[in-house]
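Comments concern the structure below.
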Amino acid sequence: MAVGHRARLLRLKSVRHFSKRGKCLTLFLLLAGLGGCGGPREPVVKIGFVAPLTGDQAPHGQDMLQGARLAVAHALTEGPVIPGHSLALAPLDDQRNPTQAVAAAKKLVADPDVMAVVGHLNSSCTMPASAIYHQARMLHITPISSNPQISRQGFDTFYRTCVTDDLQGPAAALFAVRELGASRIFILDDMTTYGRGLANEFEKKLKALGAAVLGHEGITQGDKDFTPILTKIKALNPDLLYFAGMFPEGALLIKQKADVGLAARFMGGDGQFDPVLIDLATPQAAEGIYLTTIGSDIHQTPTARAFVAEYEEQFGPIGAYSAYAYEATSIAIWAIRQAGVKDRRAVLATMKTLKDYPGLFGPQNFDEKGDSLIRDVGIFTVKDGRFQFVKTAAWE
Amino acid sequence: MTPLQLFLQQLANGLTLGAIYALIALGYTMVYGVVQLINFAHGEIFMVGAYAALTVALAITGAPWWAVLAVCALGAMALCGALGWATERVAYRPIRSAPRLNALITAIGMSFVLQNLVMRIYGATDRRFPELWPAVRWQWGGVTVTLTQVVVWGTAALLMVGLQWLVMRTRLGVAMRATSQDVAACALLGIPVNRIIAVTFALGSALAAVGGMLFGGYYGTINFHDGYLTGLKAFTAAVLGGIGNIPGAMVGGVVLGLLEGLGAGYLSSQWKNVFAFVILVCLLLFKPTGLLGERVADRA
Amino acid sequence: MAALPLVYPHPYHLDVLTTSLLYALLALGLNLIVGLTGVLHLGYAAFFAIGAYTYGLLNLRAGWPFWPSLVPAAAVAGLFGVGIGLPALRVRGDYLAIVTLGFGEIVRIAFTNLERWTGGPNGLLGIDHPRLWWPGHGIFDFGVASAPYYYLVCAAVILAAALCVRLSRSRIGRAWVAIREDELAAACAGIPVLQLKLLAQGCGGAIAGLAGAVFAAKQGTITPDSFDFILSVMVLAMVVLGGLGSVRGAIVGALVLGSLPELLRGFDQYRMLAFGLAMIVIMRLRPQGLFGRSSHASAA
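Chains as they are written, first to last, in numbering that gives the first Met the number 0: chain C, 0 to 395; chain G, 0 to 299; chain Y, 0 to 299.
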């Protein structure tokens, strides 16, 4: 009797458990359905867009997304890209994680409406994804992944609208030695693909120029306290501190450099070229720093004036990468429009005929590897709490 | 700078970092002490505290700095206390009877929710934190100490002493310690166990809010992602000192801060975490229950 | 399941499934360590990284093809498991969690900093995809296709699951459970506790090493930031969600947590928020994990 009762209890319990497990799985499927549902279908051509939209690098991804959205909005004012089709941007998040980047790339490749991809911020994500776009014969334009290795893979689907690190680093070194007269230099980077790559190029050129490199060290992205390493650098008494990395760490380095009383000049790469840098570092501490940027001053480029004005009206101060996302998206739209048919191979073939595209930075052309021929490296300084353009740097 | 001055300066640097770790570690250790549960969402609560203080500081203008500081601290503590209490109700209490590790899932879930909520509300870009106290600095024989550093050290020490007093000398503290030993027996004796646990979460979270405010004021920038790395370090500090032990959290925080500071200052900045962890592992090999530790829960 | 690519050859969904199954492989390995032996491991991604880098380096430096590289990838990761376990297992409970966390961080930072050998933050580029001789077709390169990797990972999961089931039902498996339930009693009963724990660490490490080699071959590029602490925690969450110690649970948990972020892409920028909420809700509905038995509820 007791045994039977217990067995029934057990059975009841297991039924209850099963139903709960069932509930979990139902919830799972429901969420999946919610995530997957779409609107009514009409003929559409899509441009894929991938960048980190959540996670610690979301600020850059959001800046890029706004630029890409503006490019689509502008294209729509010029009528349908392909007759009878609407145009849509398909934004995906890769969280700067290479695994998710590959998943996003496969998602875009599998969608027959996607005709071109603009994307990936981080070189570590662009690299594996570019192989997938190449295999699918999909036009792939990265706005900003500047690692030179990517275009050396020989993919004819790959294009890039920015200057590579092997040009920016040497340009910075030449400016530091020849114009700033630096001879004792300490180099920091943020131990990422981008930061370490840029810093290595900078160091290589410095050594060729005969300047003394006092040290080259990495800091951890996301760290806040750099006073120990800065105190150590202070004891070495350099006349220039170079940092290759992003603006959150750059701002803290600039601020704490002033706090520990390190008198050396500060110079950095394009990842820190964002008005927020000056605010975060405090304008007093940021005064007189130098940054290299990809391309010259967007605010002073006549061809970009209308874009910058419209962007800043809609979204506030323009981020470092917004213009490149706009440029890449516009070029992708141009290729689809010129091809006139919804066919990836045709779009790619049209892209190869591109010549003197009237872009934001002037006539845009690409070399045989897909890298932009606009290879200006700009030098900026901070004066009275604002970025001020110094000159276009030489890199040879 | 002489080597001695350099060393003293590095000591001051590491000590400040350590004091911040210690403040956050207190929250980990309190919750652990009472329910033997690692609150993995604690780092995010610390981050929310920083943002709450930022919001309050931007809202009041024209008051003297100490008044702003006090209001910021109270506002952030109230919000985070409530958040800690809510976290316990939503994410931990319902699964308290399940294996201890299962709270890991709800904790990670809570972390994602808090991080992404803050990102949606305040934006993904780093925010500048207003200066909450005057920028005063003193020089003693080449060693620079700022008022900020003194504020951080003072607050950390004060809160630790206060907390130790609360746990050792008050009725609430006695109830907390009793709950940590045997939940069932406490309930039989009429101790409102659920309320004690909720209060523990709220208290720990309020301490994290103070940590967040000092963190913001000291570094000057905050980001929705700050809870992750700092939270991880504070957790490490809490365990290093002997988890569940309040002075231990303080000692662990300071030791970790010094290890990192001296590692970056004397060895190499890019190897500093390796250096810190190697020393930490060695310390634990010789003292397998933490520097001042007592309690060990041996099962996952 | 096996015929899925034939009836439903959508490359994106197959890729998501493949990645989730790769996580399932990791979860199976970690389940041996955490689920069966009860050792809380927070640095499991390190074994995954070691396997990936072993294949990557053998392929790029010595021209090894994929298939024979699987042996050293699993062996090196397994040896690391035993090598780290030997000193680390002196430390107990949550202190061990910190030691393993430190191990995970040390490995990741070492791969980042040892630039001359590992390519530093750039990682290893241009690793060969697997090649297979196929009767009638000659040599078939997996390339960046989806289906071949799906089959490969499926086969690996089935093998690993079979191994885990066999192991857990053997004398060794029963001894592991005995250690988890009560280490002292197990030792008194004559179970060689340390050797068995080391065996679990070695087996778990080897499975992760295998998964790492497959991952490197699939991606073609590996960078150290693919192997961060979050990965360790997510794999642990998969094991816990499935129910500690359950082989089925580890696989289902990995499929759920591995594919949810992709399934939630429709939520756009709210997807991680939705992911967090989903984790909390699932755990509240099923506090002991999907396939967990409530008999361990007392283990705390």
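A virtual CB, placed ideally from N, CA and C, is assigned to each residue, including glycine. These numbers come from a predicted model, not from an experiment.
Problem set entry | Beta-carbon contacts of Y/I250 that lie in its chain and below 6 Å, excluding the five residues immediately before and after | Here residue 250 of chain Y is taken as the residue at index 251 of the third sequence, counted from 1. If we look at Y/I250 and ignore the five residues flanking it on each side, its Cβ neighbours are A23.
Exercise. Mind checking if G/S96 is an interface residue toward chain Y, Cβ cutoff 9 Å exclusive?
Worked result: Within the second sequence, the letter at position 97 stands for residue 96 of chain G. So, interface residue.
Exercise. Do G/L131 and G/V67 have their CB atoms nearer than 9 Å?
Worked result: Translated into the one-based positions of the second sequence, residue 131 of chain G becomes position 132. Translated into the one-based positions of the second sequence, residue 67 of chain G becomes position 68. Between G/L131 and G/V67, the C-beta spacing is below 9 Å.
For this session: Out of G/Y91, G/A69, G/T229 and G/L14, state which residue places its alpha-carbon closest to the alpha-carbon of G/V34.
Result: Within the second sequence, the letter at position 35 stands for residue 34 of chain G. Among G/Y91, G/A69, G/T229 and G/L14, the Cα nearest to that of G/V34 belongs to G/Y91.
Exercise. How would you label Y/D224, buried or exposed, when you count the other beta carbons within 10 angstroms and need 16 or more for buried?
Worked result: In the third sequence, the residue the question calls residue 224 of chain Y occupies position 225. Buried.
Problem set entry | Rounded straight-line distance, which links the Cα of G/A207 to that of G/M76 | Counting from 1 along the second sequence, the entry for residue 76 of chain G is found at position 77. Counting from 1 along the second sequence, the entry for residue 207 of chain G is found at position 208. Distance between the alpha carbons of G/M76 and G/A207 is about 8 Å.
Problem set entry | Spatial distance of Y/K217 from Y/H128 (CA atoms) | Translated into positions along the third sequence, residue 217 of chain Y becomes position 218. Translated into positions along the third sequence, residue 128 of chain Y becomes position 129. Their Cα atoms are separated by approximately 6 Å.
For this session: State buried or exposed for G/G256, treating a residue as buried only when at least 16 other CB atoms are found within 10 Å of its CB.
Result: Locating residue 256 of chain G in the second sequence gives position 257, counting from the first residue. Label assigned to G/G256: buried.
Exercise. From what residue to what residue does the alpha helix (DSSP H) around Y/W116 run?
Worked result: What you label residue 116 of chain Y is simply residue 117 of the third sequence in a count that begins at 1. That run of the alpha helix (DSSP H) goes E114 to T117.
Problem set entry | Terminal residues of the alpha helix (DSSP H) in which G/R88 lies | The residue you call residue 88 of chain G lines up with position 89 of the second sequence. G/R88 -> no alpha helix (DSSP H), and no H or E assigned at all.
For this session: State the beta-bridge partners of C/E216 as determined by DSSP.
Result: As a first step, residue 216 of chain C is located in the first sequence; it is residue number 217 there, counting from the start. For C/E216, which the question treats as bridged, DSSP gives the partners C/L187.
Exercise. Anyone know if the C-beta pair for C/V275 and C/A243 falls short of 9 Å?
Worked result: The sequence position of residue 275 of chain C within the first sequence is 276, counting from 1. The sequence position of residue 243 of chain C within the first sequence is 244, counting from 1. No, these two residues do not count as a Cβ contact at 9 Å.
Exercise. Taking the DSSP output, what are the residues bridged to C/P362?
Worked result: Numbered from its first residue, the first sequence carries residue 362 of chain C at position 363. Looking at the DSSP assignment, C/P362 forms a beta bridge with C/P357.
Exercise. Is G/L231 near Y/F102, with beta carbons less than 9 Å apart?
Worked result: One-based indexing of the second sequence puts residue 231 of chain G at position 232. One-based indexing of the third sequence puts residue 102 of chain Y at position 103. Their beta carbons are not under 9 Å apart, which means G/L231 does not touch Y/F102 by this criterion.
Exercise. Under a three-way DSSP split, which group does G/W64 fall into?
Worked result: As a first step, residue 64 of chain G is located in the second sequence; it is residue number 65 there, counting from the start. In the structure shown, G/W64 sits in a helix (DSSP, three-state: H, G or I).
Problem set entry | Straight-line gap, C/D155 to C/Q148 (C-alpha atoms, nearest Å) | On the first sequence, residue 155 of chain C is found 156 positions in, with the first residue counted as 1. On the first sequence, residue 148 of chain C is found 149 positions in, with the first residue counted as 1. Approximately 14 Å between the Cα atoms of the pair.
Exercise. Quick one: does G/Y31 have its CB under 9 Å from some CB of chain Y?
Worked result: What you label residue 31 of chain G is simply residue 32 of the second sequence in a count that begins at 1. Closer than 9 Å: yes.
Problem set entry | Rounded straight-line distance, which links the Cα of G/L100 to that of G/K286 | As a position in the second sequence, residue 286 of chain G is number 287, starting the count at 1. As a position in the second sequence, residue 100 of chain G is number 101, starting the count at 1. One C-alpha to the other measures close to 24 Å.
Exercise. Is there at least one Cβ from chain G nearer than 9 Å to C/M266's Cβ?
Worked result: Within the first sequence, the letter at position 267 stands for residue 266 of chain C. It does not; no Cβ of chain G falls within 9 Å.
Exercise. In this structure, does DSSP put C/G47 in helix, strand or coil?
Worked result: As a first step, residue 47 of chain C is located in the first sequence; it is residue number 48 there, counting from the start. Of the three classes helix, strand and coil, the one that applies to C/G47 here is strand, per DSSP.
Exercise. Y/S137 lies in the beta strand (DSSP E); which residues open and close that run?
Worked result: The residue labelled residue 137 of chain Y in the question sits at position 138 within the third sequence. Per the sequence shown, residue 137 of chain Y should be read as Gly rather than Ser. Looking at the DSSP string, the run of the beta strand (DSSP E) that includes Y/G137 is G137 to D140.
For this session: Closer than 8 Å by C-beta to C/A210: which residues in its own chain qualify, once you throw out the five before and the five after it? Chain order, please.
Result: Your numbering for residue 210 of chain C matches position 211 in the first sequence. Here the set comprises A172, A175, V176, A181, S182, R183 and I184.
For this session: Out of C/D62, C/G54, C/H59 and C/I81, point me to the one whose CA is closest to C/I332's CA.
Result: Indexing the first sequence from 1 puts residue 332 of chain C at position 333. Between C/I332 and the set C/D62, C/G54, C/H59 and C/I81, the nearest pair of CA atoms involves C/I81.
For this session: Kindly say whether Y/P120, judged by its beta-carbon, lies nearer than 9 Å to any beta-carbon of chain C.
Result: Reading the third sequence from its first residue, position 121 is the one you call residue 120 of chain Y. At least one CB of chain C lies nearer than 9 Å to the CB of Y/P120.
Problem set entry | Endpoints, alpha helix (DSSP H) assigned at C/P247 | Reading the first sequence from its first residue, position 248 is the one you call residue 247 of chain C. Run containing C/P247: F246 to D258, per the alpha helix (DSSP H) assignment.
Problem set entry | Contacts of Y/N30 in chain C (Cβ-Cβ under 8 Å) | Walking along the third sequence from the start, residue 30 of chain Y turns up at place 31. What Y/N30 touches in chain C: nothing, since even the nearest Cβ is about 18 Å away.
Exercise. Is the Cβ of G/W270 closer than 9 Å to any Cβ of chain Y?
Worked result: Taking the first residue of the second sequence as 1, we reach residue 270 of chain G at position 271. Output row for G/W270: interface = yes.
Exercise. Distance, Cα to Cα, C/F85 vs C/A348?
Worked result: Along the first sequence, read from residue 1 onward, the residue named residue 85 of chain C stands at position 86. Along the first sequence, read from residue 1 onward, the residue named residue 348 of chain C stands at position 349. Note on residue identity: the sequence assigns Ser, not Phe, to residue 85 of chain C. Taking the straight line from one Cα to the other gives about 22 Å.
Exercise. What residues in its chain sit with their C-beta under 8 Å from that of Y/R89, if we drop five residues either side in the sequence?
Worked result: Here the question's residue 89 of chain Y lines up with position 90 in the third sequence. Sequence-distant partners of Y/R89 (beyond 5 residues in either direction) whose C-beta falls short of 8 Å from its own C-beta are missing from its chain.
For this session: Determine, using beta carbons only, whether C/V259 comes closer than 9 Å to chain G.
Result: The count along the first sequence starts at 1 and reaches residue 259 of chain C at position 260. Judged by the 9 Å Cβ criterion, C/V259 is in contact with chain G.
Exercise. Do you know whose CA, among C/F386, C/G318, C/Q337 and C/S295, lies nearest C/G361's CA?
Worked result: By 1-based counting over the first sequence, the position of residue 361 of chain C is 362. For the residues C/F386, C/G318, C/Q337 and C/S295, the minimum Cα distance to C/G361 belongs to C/S295.
Exercise. Using Cβ-Cβ distances below 8 Å, what residues of the region 85-98 of chain Y are close to chain G?
Worked result: P86, A87, R89, V90, R91, G92, D93, Y94, A96, I97 and V98
For this session: State the DSSP-derived secondary structure class of G/F285, mapped to helix, strand or coil.
Result: As a first step, residue 285 of chain G must be located in the second sequence, where it is residue number 286. Helix.
For this session: Can you give me the Cβ contacts of G/V192 inside the same chain, cut-off strictly under 7 Å, excluding the 5 residues immediately before and after it?
Result: Sequence index remark: in the second sequence, residue 192 of chain G carries index 193 (1-based). Taken in chain order, the residues that qualify are T178, V182, C185 and A186.
For this session: Mind listing the chain C neighbours of G/Y218? Cutoff is C-beta to C-beta under 9 Å, in chain order.
Result: Taking the second sequence and counting its residues from 1, the one referred to as residue 218 of chain G is at position 219. Those are K223, D224, L251, K254 and Q255, listed as they occur along chain C.
Exercise. Among residues of its own chain, excluding the 5 on either side of Y/L59, which ones have a beta-carbon nearer than 8 Å to its beta-carbon?
Worked result: Sequence index remark: in the third sequence, residue 59 of chain Y carries index 60 (1-based). Excluding five sequence positions before and after Y/L59, the CB atoms of its chain that fall closer than 8 Å to its own CB belong to L123, G125 and I126, given in chain order.
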